[in-house]
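The structure under discussion appears below in the form of structure tokens.
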Amino acid sequence: DVGCGNCRNLLPFLETKVDCFGLDYSKGMIKEAKKFLKRKGLEAKLILGDASRLPFKEKVFEKVICVRTLHHLEKREERIETLKELKRVGNEILISVWKKWQRRFIFKLLKNFFSSDVYVEWRYHGKVYKRFYHLYTKRELEKDLKEAKVKAKKIWFDRKGNIWVLA
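Each residue of the sequence shown is one higher than the last, beginning at 12 in our numbering.
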């Protein structure tokens, strides 16, 4: 799981006793992941690292997930490099990003002259953080995938405002 956060997205895999790795850029989130997994009685190999420079050999993983992570990277070049890295290390990739045209973002988009880059307040353990999000359109995501040479098998939307890619 690239951008694993607290590792909640690894639960379905860990519960079936599959060996899992979680990588996150934040020391704090790796610490949260360790606590979360300990409470659940589960284990994963957790790594502090950069999604655009994954510390793994080519095609070492059967499956790689990158759920609600890519859209936090501020520069398009970083997003492209991350997509390339996901393709390099994984045989099958599942990616999700936030979709641009969601009701909850209309005012932010109007205020920013329709820019896809917004900051959203995120509450965690009683603290408020302003987090960067690049909101994607399907066309833009397809363009980034093409530039990274990642071939999508399927692209779909869910009801929660995400765009999903299976590659």
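Even glycine gets a Cβ: it sits at the ideal position worked out from N, Cα and C.
Whose CA, out of the options, lies closest to the CA of residue i?
i, options, result
"V139", "Y130, H145, L146", "Y130"
"L21", "M40, E54, I174", "E54"
"H145", "F67, L65, R79", "R79"
"A62", "A159, D128, M40, D12", "D12"
"Y36", "D128, E26, L81, H136", "L81"
"E103", "C77, C18, F116", "C77"
"K149", "A163, H136, F143", "A163"
"G14", "A178, G137, T93", "T93"
Which partner residues does residue i have in the DSSP bridge list?
i, result
"N173", "W109"
"D35", "L59"
"F101", "The residue asked about is misnamed: residue 101 is Gly in this sequence, not Phe. Its beta-bridge partners are F72."
"K165", "L177"
"C77", "I106"
"F143", "Y130"
"K138", "Y135"
If you draw a straight line from the alpha carbon of residue i to that of residue j, how long is it in whole angstroms?
i, j, result
"G16", "L105", "16 Å"
"I91", "R114", "27 Å"
"I174", "I166", "7 Å"
"K157", "V176", "13 Å"
"S126", "H83", "15 Å"
"E189", "K141", "The chain is shown from 12 up to 178; residue 189 falls before or after that span and cannot be answered."
"D155", "E43", "31 Å"
"L25", "K171", "24 Å"
"E73", "R99", "11 Å"
"K95", "K46", "31 Å"
"A159", "E151", "12 Å"
"R19", "R134", "17 Å"
"D128", "F116", "11 Å"
"I58", "F168", "30 Å"
"T27", "E153", "32 Å"
"H136", "R87", "30 Å"
So, with DSSP's three-state summary, where would you put residue i?
i, result
"D155", "helix"
"H82", "helix"
"R115", "helix"
"E54", "coil"
"E214", "This structure cannot settle anything about residue 214, because the visible part of the chain is limited to 12 through 178."
"F67", "coil"
"K28", "coil"
"K160", "coil"
Just to check, is the beta-carbon of residue i closer than 7 Å to a non-hydrogen atom of the ligand MN?
i, result
"R134", "The ligand MN is absent from the structure shown, which contains no ligands of any kind."
Exercise. Given 8 Å as the limit, is there contact between the region 94-112 and the region 37-55, that is, 3 or more CB pairs closer than that?
Worked result: Touching, no, given that fewer than three Cβ pairs across the two stretches are closer than 8 Å.
Exercise. Touching or not, the region 57-73 and the region 27-41, by the rule of three or more beta carbon pairs under 8 Å?
Worked result: Yes: the two stretches touch, three or more of their Cβ pairs being nearer than 8 Å.
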